[in-house]
Amino acid sequence: MQILVTGGAGYIGSHTLISLHEAGYDFVVYDNLCNSSKESLKRVEKIINKSISFEQGDIRDKKSLQNLFKKYKIDSVIHFAGLKAVGESVEKPIEYYDNNINGTLTLLEVMKEYKCKKIVFSSSATVYGDPHTTPIKEDFPTFATNPYGRTKLFIEEILKDLYISDNEYKITILRYFNPVGAHESGTIGEDPNGIPNNLMPFISQTAVGKREYLNIFGGDYETADGTGVRDYIHVVDLAFGHVKALDYLNIQIKNKKPLIVNLGTGKGNSVLDVVKAFENASNKKVPYRIVERRAGDIAKCYADPSYAKEILNWEAKKTIKEMCEDSWNWQNNNPNGYIQGEKK
Ligand code: NAD
Ligand code: UD1
Numbered sequence: 005m006q007i008l009v010t011g012g013a014g015y016i017g018s019h020t021l022i023s024l025h026e027a028g029y030d031f032v033v034y035d036n037l038c039n040s041s042k043e044s045l046k047r048v049e050k051i052i053n054k055s056i057s058f059e060q061g062d063i064r065d066k067k068s069l070q071n072l073f074k075k076y077k078i079d080s081v082i083h084f085a086g087l088k089a090v091g092e093s094v095e096k097p098i099e100y101y102d103n104n105i106n107g108t109l110t111l112l113e114v115m116k117e118y119k120c121k122k123i124v125f126s127s128s129a130t131v132y133g134d135p136h137t138t139p140i141k142e143d144f145p146t147f148a149t150n151p152y153g154r155t156k157l158f159i160e161e162i163l164k165d166l167y168i169s170d171n172e173y174k175i176t177i178l179r180y181f182n183p184v185g186a187h188e189s190g191t192i193g194e195d196p197n198g199i200p201n202n203l204m205p206f207i208s209q210t211a212v213g214k215r216e217y218l219n220i221f222g223g224d225y226e227t228a229d230g231t232g233v234r235d236y237i238h239v240v241d242l243a244f245g246h247v248k249a250l251d252y253l254n255i256q257i258k259n260k261k262p263l264i265v266n267l268g269t270g271k272g273n274s275v276l277d278v279v280k281a282f283e284n285a286s287n288k289k290v291p292y293r294i295v296e297r298r299a300g301d302i303a304k305c306y307a308d309p310s311y312a313k314e315i316l317n318w319e320a321k322k323t324i325k326e327m328c329e330d331s332w333n334w335q336n337n338n339p340n341g342y343i344q345g346e347k348k
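This is the structure we're talking about:
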């Protein structure tokens with residue numbers, strides 16, 4: 005029996021493949037490589053010392069998915085495939101709804117056809133909108149402020165409806181906080197296209213000399229130092245959360261409604277905290293200047309991770325120091341990401 009990992013060549017997916025392998029799960033990767041390359045899979049193969057079953061295809065392509073389900077004995081799905089850039093989703097809402105929602109619907113149709121009823125879905129803390137208080141619990145109200153966030157919310161609702169229609173489905177929705185860091189080997193990591201939107205890749209590209217300085221978006225938030233606070237979580241901890249989610253689905257007795265779980269550390273770090281931790285880890289200066297707030301940003305966002313501990317027996321272990329060290333190790337060894345020697 006195999007686990008289908010959609011989007012498995014991407015940042016979180018590639019790290020999860022290693023965790024799955026270590027836990028003894030067999031898997032097949034399905035990815036259209038729109039935001040990744042085969043190089044990440046080659047490097048995972050080196051780390052796990054095993055070749056990976058990979059099929060290139062789009063989750064909106066029903067025929068291709070049917071062929072995949074015919075070829076492999078797929079018992080469950082970890083569904084990472086999706087577009088994830090908030091700003092781009094505002095500019096290209098149709099592409100985001102089509103890719104993320106139509107893609108998920110097509111995947112669910114084919115899963116149904118092949119009686120595959122176990123799925124772990126990548127959701128995001130973005131579904132909490134601007135939370136009324138922190139730490140954030142799973143039962144807080146949900147709200148989306150942009151098309152990307154709405155795709156996550158809609159898919160969560162679709163999955164809940166699917167369970168109502170057939171309670172043999174076993175569904176876990178994982179709400180990630182801010183994934184950062186890289187595998188300790190320094191051979192796989194986050195490889196954003198163009199100018200990074202997210203903090204950690206921007207900091208590491210500044211430290212390696214690709215960017216002149218970091219713009220800190222807002223110094224007047226109601227936080228200890230005025231900069232935004234987030235729950236940064238090491239991608240290796242996050243990856244292991246998927247193994248625990250899968251274990252849970254496999255032992256879970258029937259007729260349990262979809263499980264919704266936060267994957268975060270429960271610790272908030274400000275932008276300046278991260279800059280300092282990164283400077284210590286890399287021994288490089290990260291020049292910055294404080295500029296206007298970024299539209300749509302919130303002051304504080306961090307998880308109450310206690311439900312994940314209780315229900316999945318999972319908790320994040322790695323510190324902000326390790327997150328920065330591993331991000332730096334990846335960036336320093338691969339200044340141009342997976343494309344060696346070329347400027348991106
Ligand atoms: P990523 O872009 O690195 O990986 C996503 C992968 O999906 C890529 O390899 C891409 O090529 C593939 N893909 C996209 N559309 C596809 C399609 N139509 N058919 C087949 N493959 C397709 O992103 P990531 O950071 O690894 O995120 C994985 C998932 O986790 C996404 O669903 C994302 O929304 C969610 N998530 C990410 C973060 C984050 O900060 N990285 C936070 C919360 C949630
Ligand atoms: C972003 C997404 C969110 C997604 C999350 C995890 C936006 C508005 N939100 O959240 O939907 O779920 O990533 O991937 O994009 N910062 C700077 N300078 C920078 C970049 C960021 O100061 O160049 C600050 C931000 O203002 C924020 C913090 O760093 O306070 C983290 O930002 P980022 O990494 O983009 O993540 P989020 O905004 O939390």
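The numbering of the sequence shown is the numbering used here, which starts it at 5 and goes up by one. From the three backbone atoms N, C-alpha and C, an ideal C-beta is built for every residue, glycine too.
From 152, 90, 296, 125, residue whose alpha carbon lies closest to that of residue 242:
125
If you draw a straight line from the C-alpha of residue 235 to the C-alpha of residue 306, how long is it?
5 Å
Please state whether DSSP places residue 239 in a helix, a strand or coil.
helix
Taking 7 Å as the limit between beta carbons, can you name the residues of its chain near residue 290, skipping five residues before and five after?
The residues are 207, 210, 211, 218, 279, 282, 283.
Looking only at its own chain, which residues have a Cβ that is under 7 Å from the Cβ of residue 347, when we skip the five neighbours before and after it?
Confidence at residue 347 is low in this model, with a pLDDT of 42, below 50, so the placement of that residue should be treated as unreliable; the coordinate-derived value is given next. Same-chain partners within the cutoff: 340.
beta-carbon residue 328 near the ligand UD1 non-hydrogen atom, thresh 7 Å:
No, the ligand UD1 has no heavy atom inside 7 Å of this Cβ.
Kindly indicate the opening and closing residues of the alpha helix (DSSP H) around residue 207.
203-211
Any heavy atom of the ligand UD1 closer than 7 Å to the Cβ of residue 197?
No, the beta carbon of residue 197 sits no closer than 7 Å to any heavy atom of the ligand UD1.
Could you spell out where the alpha helix (DSSP H) holding residue 73 opens and where it closes?
66-75
Can you list, in chain order, the residues of its chain with a C-beta nearer than 6 Å to that of residue 132? Leave out the 5 residues immediately preceding and following it.
140, 144
Please identify the residue among 154, 6, 215 whose C-alpha is closest to the C-alpha of residue 33.
Among 154, 6, 215, the Cα nearest to that of residue 33 is on 6.
May I ask you to verify whether the segment 190-206 touches the segment 43-51, counting CB pairs closer than 8 Å and requiring at least 3?
Contact between the segment 190-206 and the segment 43-51 is present, because at least three Cβ pairs lie under 8 Å.
Tell me which same chain residues have a C-beta within less than 8 Å of the C-beta of residue 113, skipping the five on either side of it?
66
Can you grab the Cα-Cα spacing for the pair residue 246 / residue 136, in whole Å?
28 Å
Count the other CB atoms, across all protein chains shown, that sit within 10 Å of the CB of residue 38; report buried if there are 16 or more and exposed otherwise.
exposed
Taking 7 Å as the cut-off, is the CB of residue 298 close to at least one heavy atom of the ligand UD1?
Residue 298 Cβ: within cutoff of the ligand UD1.
Indicate, with yes or no, if the ligand UD1 has a heavy atom lying under 7 Å from the CB of residue 23.
no
If residue 15 sits next to residue 239, beta carbons under 8 Å apart, how far is it from one beta carbon to the other, in whole angstroms?
7 Å between Cβ atoms; contact.
Enclosing beta strand (DSSP E) for residue 4 [first to last residue]
The structure shown does not extend to residue 4, since the chain is modelled only from 5 through 348, so no value can be given for it.
Beta-carbon separation of residue 35 and residue 70 under 8 Å?
no
Report the option in 316, 186, 78 whose CA atom is closest to the CA atom of residue 22.
186
Chain-order list of residues whose beta-carbon lies under 8 Å from that of residue 68 (same chain, five-residue window excluded):
59, 61, 62
Quick check on the DSSP output: the alpha helix (DSSP H) that includes residue 296 runs from which residue to which?
Neither: residue 296 is in no alpha helix (DSSP H) and is coded neither H nor E.
With which residues is residue 127 paired in a DSSP beta bridge?
As a beta-bridge residue in DSSP terms, residue 127 pairs with 179.
By alpha-carbon positions, which one of 237, 310, 287, 222 ends up nearest to residue 264?
Taking only the C-alpha atoms, the option nearest residue 264 is 310.
Applying the 10 Å Cβ sphere with the 16-neighbour rule, what's the burial state of residue 329?
buried
Measuring straight from C-alpha to C-alpha, what distance separates residue 345 and residue 336?
Unreliable placement is indicated for residue 345, whose pLDDT of 48 sits below 50; the coordinate value is still reported in the next sentence. Going from the Cα of residue 345 to the Cα of residue 336 covers about 13 Å.
Cβ neighbour criterion (16 or more within 10 Å) applied to residue 11
buried
Quick one: what's residue 35 bridged to in DSSP?
60
Does the Cβ of residue 293 have 16 or more other Cβ atoms within 10 Å, making it buried, or fewer, making it exposed?
exposed
Is there at least one non-hydrogen atom of the ligand NAD closer than 7 Å to the beta-carbon of residue 294?
no
Work out the CA separation of residue 179 and residue 73 for me, nearest whole Å.
27 Å
Any alpha helix (DSSP H) of 4 or more consecutive residues that is wholly inside the segment 268-312
275-286
Where do the ends of the beta strand (DSSP E) carrying residue 79 lie?
78-83
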